[in-house]
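Have a look at the structure below, then the notes.
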Amino acid sequence: MLSLWCAGAFLLGIFLFERLSSPVARLPGPWYTKLTSLVIKFQEFSGRRRISIHELHKEYGPVVRIAPNEVSFASLDAIREIYASGGSGYDKTELYDLFRQFNTKTMFSTLDKQSHSERKRQLADRYAMSNVMRDHLSTIREHAKAFITECATGEKSVNVYVYLHCYALDCVTSFMFSPGGLKSLSDKNDYELMEELTYHQSLQKNLLQYYLPQLAPHFPSWLLPRPAPMTNDYVHRMTAQKSPDNCSLVSRLTKANTSLTHLQVAAECMDHLAAGIDTTGDGLCFLMWELSQPHNLQFQERLYKELCSTANDTPIDQLPYLDAVIKEALRCSPPIPMSFPRHVPRGGRTIDGCFIPEGTIVSCQPYTVHRLDETVFPEPDRFNPDRWMDDEGLHERNRLFFAFGTGGRGCTGKSLAMVEMKILLQAVYSQFRTTVAPDMTLKTMLLLSPHTSTANPAPPAPELTLLYTAYVECEATLMNSPGPHGIRRTIPIVGGNFTGPHLSGQILNVGADWGLVDPQTGIFSADTRYNLRTDDGESIFIQTSGPKAPSGQLHLRLVFETGSRKYYWLNNVVAIGVLTSEASTTNTSLLRIDAWHVSGMVSSSSFLYLVC
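When the letters of the sequence shown are read in order and numbered with mature numbering (1 follows the signal peptide of the UniProt record, and there is no 0), they come out as residues -21 to -1, 1 to 591.
Here you go:
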């Protein structure tokens, strides 16, 4: 037994010596990052890596140790060294293997810069601004017109998240597969493909496979990225077409001198397809959301004036305020929120004045680069396109603009994405004004006006829409804990299910009710926190609270949190619930919750209004 303790102590000593003697251990950062990477991995799985790293940079400065073998930087010197030195910077880490398509490496998922450069030479000319403007501008304008038609002929409340991703899909497939591009803004079958491609997987599920490769083959289906059979079939058909347009990407990739196999061509196209939808769609969605905020309408008005004061044939690269609006949106919310990790080359390197040993993972993330130096970006969290119209400091702002990466491995599709965004915004804001839902009609504005007569009847109560009906399984009270505000009851929540018009699934065995009994009145008030998993594999955190009524029912306030794109609207709903007891035994109880939300709030089918 003593020998085992000695062996354990010896191994622990080696572990601590290696961790604490590394040059990385001497860099700024929380103490625990000297010993473990579990904290940053937890932040990755919870979708908080970007914010967590940014908070560390605000505390420790432009150089932060985030794990025993990983360092985050946020300076111009670091960007140049990591991503542009020696030709095209350092080699990528194995994280990029997650982005293989059809189990085949693509330009994006190629780790070493030499192989990347060879692949890039085979296709980069198609993404040159001159080629995009010459060969694809008219097609992009047609898709922008289809977007306007869909919005203007639909209901007043427009789900721009969906339509913007349709627009991005139609543009990128026309660019890659012409004449076989999709028309998801007008074709139902193509729209279904957009839904499948946009919602079919999450980074967290891919990360599980990356960090636990030995266990991945045994994962249950809900831990695996959902398949995309329609998209896979479409890409294979398009890459096999006999006579694609000469200006298309697939035409360039299938030329004999590229020596690419059909599978390599399909994988490359699938990679560009996925990247071209989410980045452009997400970027436009954030931009329109910001422009539509009441406190930002002056920026929308300036954009409108620029678009209306110039001739229709004015080149889009001669609209400076349009360019400023897009750059500011990409600065505030880069479409790729993740860090861009790289391996330090053999022999180690000095980055931003710090020696970093070989093999260390180093990275910069656009979100922090665009915010940390407030001498370059004053009020960094404020959306302010005017900052890009000021010549003073413009050079420094442009040098720190990192939304598309930099160097030889920067975003190949930058020119195409910028043209798509400019064309769509020009089409929208030269004709429409946008404002954020919920609806504010003239009638409701009058009811809220201070000039409304007090003799008028009270405004009508808001309408409610059923969210779901849930059956919650609880165990017996675990403990009663007296406290300063009463007796806190801990009641474990062990399962259940929920069903509604737009979401359904299971209640997980994770959570409890920590309700409070008022010592003066004896009234019990619920205080629950637990997790839902939808039938399509998304996670939703829910918190409910509210008092017990004389009838025995509990009237609840419901608050949801989720990072799921599909159910992100839940974060903004105003929801209430009525809880009743369905059955109970000595050890268990079954509760029913009918949950409702206020009609007209932001929901899965209403995001922005287009007001002509």
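All C-beta atoms, glycine included, are put in the ideal place defined by N, C-alpha and C.
Sheet register partners of residue i (DSSP bridge)
i	result
T444	H576
R468	N459, G494
Q80	T83
C343	F52
A46	E49
S483	T478
R361	Paired residues: none, contrary to the question.
E97	BP columns for E97 are empty, so no partner.
Element boundaries [alpha helix (DSSP H), containing residue i]
i	result
W548	Note, W548: premise wrong, no alpha helix (DSSP H); not H, not E.
T259	241 to 270
M217	208 to 218
N377	373 to 378
I502	First-last for I502: undefined, no H or E at that position.
A382	First-last for A382: undefined, no H or E at that position.
V398	393 to 408
R28	28 to 39
R113	108 to 114
S288	276 to 288
Reduced DSSP secondary structure (H/G/I, E/B, other) of residue i
i	result
K527	strand
A303	helix
Y170	helix
A53	coil
Y69	coil
H197	helix
E561	strand
L102	coil
R231	helix
C226	coil
C(-16)	helix
C130	helix
T152	helix
A449	strand
I521	strand
T177	helix
I555	strand
F319	coil
M424	At M424, the pLDDT of 29 sits below 50, so the modelled position is not reliable; the number obtained from the coordinates is stated separately. It is helical.
V355	coil
H430	Summary for H430: the model assigns pLDDT 31, below 50, so the residue's position carries little reliability, and this model does not support an answer.
N510	strand
Counted within 10 angstroms of its Cβ, other Cβ atoms place residue i as buried (16 or more) or exposed
i	result
Y11	exposed
T507	buried
F381	buried
H349	buried
F278	buried
A195	exposed
P463	exposed
M368	exposed
residue 595	Look at the range of the chain in this structure, -21 to 591, and you will see that residue 595 is not part of it.
F356	buried
T564	exposed
W(-17)	exposed
A254	buried
H122	buried
L373	exposed
C287	exposed
R310	buried
First and last residue of the uninterrupted beta strand (DSSP E) at residue i
i	result
P461	458 to 462
E540	533 to 540
T15	It is not in any beta strand (DSSP E) - T15 carries neither H nor E in the DSSP assignment.
F334	333 to 335
V415	412 to 415
R328	328 to 330
Minimum Cβ-Cβ distance from residue i to chain D less than 8 Å
i	result
R216	Among the chains in the structure shown there is no chain D, since it carries only a single protein chain.
Cβ shell of residue i (< 7 Å), same chain only, five flanking positions each side left out
i	result
E358	none
N566	E454, A455
L445	G479, P480, W575
I402	I119, R120, A123, I295
S560	S568, L570
Contacts around residue i, its chain only, beta-carbon distance under 6 Å, and the 5 residues preceding and following it disregarded
i	result
S230	P223
M249	Q80, V214
A396	T259
P441	V577
Y62	G68, T385, G386
beta-carbon residue i near the ligand SAM non-hydrogen atom, thresh 7 Å
i	result
Q405	For the structure depicted, the ligand SAM is absent and the ligand set is empty, with no information on it obtainable.
Cβ-based neighbour list, residue i, same chain, cut-off 8 Å, excluding 5 preceding and 5 following
i	result
A4	R(-3), K13, R44, P47
R398	Position check: residue 398 holds Val in this sequence, whereas Arg was assumed. So the qualifying residues of the chain are M108, V111, M112, H115, L116, I119, I295.
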